[in-house]
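Everything below concerns the one structure shown next.
2 protein chains.
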Amino acid sequence: MPMKFPVYLDNMRATKVDPLVIEEMVKYMQEIYAAPGGEFGHSMEEEAAEALEKARQKIARKIGAKPEEIVFTSGRVESNNLAIKGTVLASGKKGKVISSRIEESSVLRSLESLGKMGFNPMLAPVDSEGFVKQENLSEMLSGAILGSIQFVNPEIGTIQDLKAIGDLFEEKNVIFHSDASWGFCKVDIDVRKINVDLLTLSSGLIHGPKGVGALYVREGIKLQPLFDGAPREFGLRPGMEDVPSIVGFAKAVELITEEDIARMKRLRDKLMDILLEIPDTKLNGPKGDRRVCNNVNVSFFGVEGETILLKASMKNLFLNTGSACYSRELLPSHVILATGGSFEQSHGSVTLGLSKWTTEQEIFYAKEVLEEIVREMRSISPLYRRS
Amino acid sequence: MPMKFPVYLDNMRATKVDPLVIEEMVKYMQEIYAAPGGEFGHSMEEEAAEALEKARQKIARKIGAKPEEIVFTSGRVESNNLAIKGTVLASGKKGKVISSRIEESSVLRSLESLGKMGFNPMLAPVDSEGFVKQENLSEMLSGAILGSIQFVNPEIGTIQDLKAIGDLFEEKNVIFHSDASWGFCKVDIDVRKINVDLLTLSSGLIHGPKGVGALYVREGIKLQPLFDGAPREFGLRPGMEDVPSIVGFAKAVELITEEDIARMKRLRDKLMDILLEIPDTKLNGPKGDRRVCNNVNVSFFGVEGETILLKASMKNLFLNTGSACYSRELLPSHVILATGGSFEQSHGSVTLGLSKWTTEQEIFYAKEVLEEIVREMRSISPLYRRS
């Protein structure tokens, strides 16, 4: 079978929506398009409300939660803000709020905001593979209000040990939030077995629609909404629920299979192996079961990630980079720096995100294209000294 | 041609998505699904970014704004919160914040929230047709920070004179926000001719997707974002833009025609006329050009709106009511009360929202169904005394 272009390996940032998800969404845009009703409504409102509750149940079931612990939002960034600022502001306390050095912007900036309001943000260090140093974390948690530690890192694929981390939080009696966006539906998680209070879930990373997400809020956790309006989502999030997107989100959750995950793992390992055949190439992040099934990240010594991205794009291969030029803030990846990687390693890093549709052919194509670009760029680089 | 069921006249709350809108959305879910890129990105990111900017231009053009004055949000409620709290908190001042008695929850509750933070919320009264009393408003505006006056009321269809109101704001040098959700694409508005600083625009009310909206922010207006994350939308709204929905929103804006509006107006007037043939029926809100093209609201004396809604639903006719039992807060419509209507008038009010697809047949069907329900309910009502 001939390979289809483009070869899209930017799935840590955005995914193609599954056709079966779209089919579900269209039904709720064309047939059952009313606002989801309350206790008394006309029959189309009721049908919309039923679809909403069914979606809530499906998503709750996936993580072992109760349906009433799932709050729908406009996506990951809103969920993180609601989880972090919502609980900290509702606590009525002032004090420490904890996170790690490899978190994504919405978490880090929520902490910064809290810092400006008089709270004390602290970031736990990570080891060379991106795992949070539990001793340091434990120390920081003493007397803290909340901590936010991501489940899976989107750049280097590190899967944190949420069970062990949750135990530390329990011991110190601190509210535990985790952005599980990159782990959800890829790594099993059961909130009944892990001491986590709030969990951010994303739709756009699992072939669901963009612009929708959820927050798991453990029963009893107090939360102040981010904005005001007629009460919806158990009083935690106003604004009419986007039923088509929510139904699509739930469908996407249903569609991910164990086989998909196993296949991605095999292809991930294959891709890692063949990329590391390229000289002076370093893997960023862990290997094996402690790395998410669909992430590969390597640094090519002497080549800039941004150049690789642009040259690969011309060959219809799409990937991502931690290069400074690529970021909107013109800073190199803080994640690789936090693992002890050099500025150059961070600048030259490339993230490849696989999906359930990624094929072996595509993996080999990626290797071929990257090898060629790296060879070419090194041959004209004054920085790269051949041995 | 036989009439299609259901007869959906709940278009002031939610609308069916236009098939042409869905077609556009699917393209950005299936073909150009990458995250919209920054200055340097791969070609799919660039294409997504171009689509985003094109959509921004289309929406800006519709209201005479510059593209960089349009900020995309998750919808009307978020836009209202961002507009009101964002500007008031960014002003660094304390003082009065003004609105009217017939605003929707997200505006009223944003003001309540500001009240709890030490600001002084005040609500301007309206006349019997729902028009804001300009003398009272003018008085309240003296020394205020911001005022929020809706463009069109969803319940009784009143179109406020934004030009005259904007002049009052200008005179008093107060920031002027308007929730234009129910007027956008139905009543012409040009921000170059009206002194309005912030304008909420909704997609879900014009056959666009739910879960997306925009806020017009006049150049120079300072705004504090509602939540934190990597800067997007000119630093005013973090979170990856939902390109498929935004593109769909812009498409929906393009699709509304003058003919659609003229047809809705004719059918609205027809529906009003035939409903008022039912004895003891009162029109709520104004007539003619000061009422939005797609809204009819009547109170049937002696009958509860909730009963009408449920009985109509059984006949596949979907509408809305200001009845207390219907609302999530079990309160009768504050809008009709504010116009001087009685508790009973509010409780028995029914809102019929037309769309560009509403037919004359449907209008007559609605009349027939409502007349029958009203007759039946009155015949068994101890409250209703026949003359």
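In order, the protein sequences belong to chains A and B.
For the record, in the first sequence the residue sitting at position 184 is 1079 according to this note's numbering, with numbers rising by one throughout.
For the record, in the second sequence the residue sitting at position 156 is 1051 according to this note's numbering, with numbers rising by one throughout.
Heads up, the beta-carbon is just placed ideally off N, CA and C, and yes, glycines get one too.
In this text the structure is predicted, and so the values were computed from the model without any measurement.
Item to complete: Would you check whether the ligand SAM has a heavy atom nearer than 6 angstroms to the C-beta of GLY990 (chain B)?
Response: Here there are no bound small molecules, and the ligand SAM is not part of this structure.
Item to complete: Reducing DSSP to helix, strand and coil, say where MET1017 (chain A) ends up.
Response: MET1017 (chain A) sits in a strand when the DSSP states are folded into three classes.
Discussion item. Which of the three DSSP states is assigned to ILE993 (chain B) in this structure?
Written reply: When DSSP states are grouped into helix, strand and coil, ILE993 (chain B) belongs to the strand group.
Worksheet item: Can you list the residues of chain A that GLY1106 (chain B) reaches, using a CB-CB cut of under 7 angstroms?
Response: Neighbours of GLY1106 (chain B) in chain A, taken as residues whose beta carbon is under 7 angstroms from its own, are SER969, GLY1106, VAL1107, ASP1137, SER1140 in chain order.
Item to complete: Give a yes or no on whether the C-beta atoms belonging to ALA1039 (chain B) and ILE979 (chain B) are separated by under 7 angstroms.
Response: Remark: C-beta atoms of ALA1039 (chain B) and ILE979 (chain B) do not approach each other more closely than 7 angstroms.
Worksheet item: So, is GLY1115 (chain A) buried or exposed, given that buried needs 16 or more other C-beta atoms within 10 angstroms?
Response: When all chains shown are included, GLY1115 (chain A) counts as exposed.
Practice prompt. Indicate the three-state DSSP secondary structure (helix, strand or coil) for HIS1229 (chain A) in the structure shown.
Written response: Correct three-state label for HIS1229 (chain A): helix.
Worksheet item: Is any beta-carbon of chain B found at less than 7 angstroms from that of PHE1259 (chain A)?
Response: So no, PHE1259 (chain A) is outside the interface.
Practice prompt. Give the straight-line distance between the Cα atoms of TYR1260 (chain A) and GLU1153 (chain A), rounded to the nearest whole angstrom.
Written response: Their backbone Cα atoms lie some 25 angstroms apart in a straight line.
Worksheet item: For TYR923 (chain A), which of helix, strand or coil comes out of DSSP?
Response: Three-state result, TYR923 (chain A): helix.
Worksheet item: Any beta-carbon of chain B closer than 7 angstroms to the one on PHE1196 (chain A)?
Response: Interface flag for PHE1196 (chain A) against chain B is unset, since no Cβ pair is found closer than 7 angstroms.
Worksheet item: Excluding sequence positions up to five away, which residues of its chain have a Cβ less than 6 angstroms from the Cβ of LYS957 (chain A)?
Response: The residues VAL1148, in chain order, have a CB closer than 6 angstroms to that of LYS957 (chain A) in the same chain once the five nearest residues on each side in sequence are set aside.
Fill in: Interfacial residues, the region 1049-1080 of chain A to chain B, with Cβ spacing under 9 angstroms
Of all residues in the region 1049-1080 of chain A, none has a Cβ within less than 9 angstroms of some Cβ in chain B.
Worksheet item: Are three or more beta carbon pairs between the region 1153-1168 of chain B and the region 1116-1126 of chain B nearer than 8 angstroms?
Response: Segments in contact, no.
Discussion item. If you reduce the DSSP assignment to three classes, tell me which class VAL1301 (chain B) lands in.
Written reply: Any question about residue 1301 (chain B) goes unanswered here, given that chain B covers just 896 to 1282.
Worksheet item: According to DSSP, is PHE1144 (chain A) helix, strand or coil?
Response: Reduced to three states, the DSSP call for PHE1144 (chain A) is helix.
Item to complete: Could you work out which residues of chain A lie near ILE1203 (chain B), taking near to mean beta carbons separated by less than 9 angstroms?
Response: Under the 9 angstroms cutoff, chain A gives no residues; its nearest Cβ is about 10 angstroms from ILE1203 (chain B).
Worksheet item: When DSSP builds the beta bridges, which residues end up paired with HIS1072 (chain B)?
Response: Paired residues: B:SER1043, B:LEU1093.
Discussion item. Going by DSSP, what residue range makes up the alpha helix (DSSP H) through VAL983 (chain A)?
Written reply: Residue range 971-986 is occupied by the alpha helix (DSSP H) that includes VAL983 (chain A).
Worksheet item: Pick from B:THR910, B:ALA1157, B:LEU1178, B:ARG1158: whose alpha carbon is nearest that of SER1076 (chain B)?
Response: Comparing Cα positions, the closest option is B:THR910.
Worksheet item: So what does DSSP say about TYR1111 (chain B), is it helix, strand or coil?
Response: In the structure shown, TYR1111 (chain B) sits in a strand (DSSP, three-state: E or B).
Discussion item. Give me the chain B residues within the contact set of LYS911 (chain A), using Cβ-Cβ distance strictly less than 8 angstroms, ordered along the chain.
Written reply: Residues of chain B passing the Cβ test: MET924, GLN925, TYR928.
Worksheet entry | Listed by chain order, chain A residues near LEU1121 (chain B) by CB distance under 7 angstroms | Those are LEU1121, PHE1122, listed as they occur along chain A.
Worksheet entry | contact_flag[the region 1044-1053 of chain A, the region 990-1005 of chain A] where n(CB pairs < 8 angstroms) is 3 or more | Output reads yes: the region 990-1005 of chain A touches the region 1044-1053 of chain A.
Discussion item. For ALA1145 (chain B) and ASP1085 (chain B), what's the separation of their Cα atoms in angstroms?
Written reply: ALA1145 (chain B) and ASP1085 (chain B) have their alpha carbons spaced roughly 17 angstroms apart.
Practice prompt. Please confirm if GLY1134 (chain A) has its CB atom under 7 angstroms from at least one CB of chain B.
Written response: For GLY1134 (chain A), the answer is yes, since a Cβ of chain B falls inside 7 angstroms of its Cβ.
Fill in: CB contact below 7 angstroms: SER1043 (chain B) versus chain A
So, not an interface residue.
Discussion item. At a CB distance below 7 angstroms, what residues from the region 1224-1238 of chain A approach chain B? Give them in sequence order.
Written reply: Taking 7 angstroms as the cut-off between beta carbons, none of the residues of the region 1224-1238 of chain A comes near chain B.
Worksheet item: Looking at the C-beta of PHE1129 (chain A), does it have a partner C-beta in chain B at a distance below 7 angstroms?
Response: PHE1129 (chain A) does not count as touching chain B.
Practice prompt. State buried or exposed for SER1274 (chain A), treating a residue as buried only when at least 16 other CB atoms are found within 10 Å of its CB.
Written response: Exposed is the call here.
Item to complete: Please state whether DSSP places TYR1279 (chain B) in a helix, a strand or coil.
Response: In the three-state reduction of the DSSP assignment, TYR1279 (chain B) falls in the coil class.
Worksheet item: Quick one, which residues of the region 1146-1165 of chain A are near chain B if we go by CB-CB under 7 angstroms, in chain order?
Response: Going along the region 1146-1165 of chain A in chain order, one finds no residue with a Cβ nearer than 7 angstroms to chain B.
Worksheet item: Are the C-beta atoms of ASN1015 (chain B) and some chain A residue less than 7 angstroms apart?
Response: Chain A contact via Cβ: absent.
Fill in: Residue-chain proximity (HIS996 (chain A), chain B), Cβ-Cβ < 7 angstroms
For the sequence presented, residue 996 (chain A) should be read as Arg rather than His. No, no contact with chain B.
Worksheet item: Mind pulling the chain A residues with CB within less than 7 angstroms of ASN976 (chain B)?
Response: Within chain A, the residues near ASN976 (chain B) are PHE1122, ASP1123.
Fill in: Three-way DSSP call (helix, strand, coil) for LYS953 (chain A) in this model
In the structure shown, LYS953 (chain A) sits in a helix (DSSP, three-state: H, G or I).
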